[in-house]
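In our numbering, the protein residues as written are 52 to 381. Here is the structure we will look at, set down as structure tokens.
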């Protein structure tokens, strides 16, 4: 391989000198004066480029005073004593505005090479960004507080709506589903049973001679009887499956999903027996009541829930006409 011979003078020293003179970075070479001390007593400037003198002019001072700045001196002393490069940010107050300088010092043999960059505008921008960050953090905290408050309010309203829904669906005396809620549940179960070809039965009961209870013992005793029968209906129903409701006055019903007519009849008999043998306490009175019960099962020809309900109602009145306190299937 042929290598061409370089006959021209080496161009790099002049290029380096030109780069040093035209750079915006202030470059200074200083020599420490020890005078027998651990730390130099002063620093003599051996070289400084044009940018350094321009920086000195901006700072409205001489290059010597820059070196005498305590923060600058600390960085120079540390780099000299530890023989390690150091970089620090130094604030220098001039007559107009404070300057923020990035000072870097590198030990080279028995001298120190120092570079200075004016980062005032960058420092101001960083400060602005930090202030913006602080404001954003404060806003984020405020938004988090609002979010927590909103979640608490949504939760409170959810609980309130749930209470209102329960109140709207519940008979206040018995604690069972009221007529409107029971009928809605009945329609829903009727449609589900038809869709999935499942069994559905209904038990209806009416307290026998209930008007005599009110006339003989007072309405408080009648209310006690309603509460006692409601508790029996609830206790004999399957939790989460059956739906017990008070349809009005002394009339009750229990919806039995996935139950055939025989199962409904067995439950009807258990209800009848339990009601008959329960002693009801009301003030100074002890009383008991009986119930007539009708049961029905969803048939192939049933077109709506009302059909199932009417058959159970007809069976109930058949039980009453047959002597009361018995179960009849429709």
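Positions of the beta carbon are idealized from the N, C-alpha and C atoms, including for glycine. Source: prediction; values computed, not measured.
Are residue 275 and residue 332 close, meaning C-beta to C-beta below 9 Å? yes
Run through the region 248–318 for me and flag every whole alpha helix (DSSP H) of 4 or more residues, listed as ranges in chain order. 261–268 and 270–287
Do you know whose CA, among 65, 347 and 264, lies nearest residue 339's CA?
-> 264
When the distance is taken between beta carbons, is residue 107 closer than 9 Å to residue 136?
no
| For residue 153, which residues does DSSP report across the bridge? | 140 and 168
Requested in this report: Quick one: grab the DSSP three-state call for residue 75.
Outcome: coil
Per DSSP, the bridge partner or partners of residue 345:
255 and 379
Exercise for review: Check residue 114 in the structure and name its three-state DSSP category.
Suggested key: For residue 114, the pLDDT reaches just 49, beneath the cut-off of 50, and the residue's location in the model is therefore unreliable, although a value from the coordinates is still provided. Correct three-state label for residue 114: helix.
Checklist entry - In its own chain, which residues sit with a C-beta less than 8 Å from the C-beta of residue 134, not counting the 5 before and 5 after it? => result Cβ neighbours of residue 134 within its own chain (closer than 8 Å, five residues either side excluded): 158.
Note to self: Under DSSP, the alpha helix (DSSP H) around residue 338 begins and ends at which residues?
What the structure shows: That residue, residue 338, is in no alpha helix (DSSP H); its beta strand (DSSP E) goes 336–338.
Grouping DSSP H, G and I as helix and E and B as strand, with all else coil, what is residue 354? Correct three-state label for residue 354: coil.
Contact belief for residue 163 with residue 81 at Cβ below 8 Å, rounded distance in angstroms:
5 Å
Report yes or no: do the region 238–246 and the region 350–368 share at least 3 C-beta pairs separated by less than 8 Å? yes
Tell me which residues share the same chain as residue 181 and place their Cβ nearer than 7 Å to its Cβ, disregarding the 5 neighbours each side in the sequence.
none
Helix, strand or coil: which one does DSSP assign to residue 223?
-> coil
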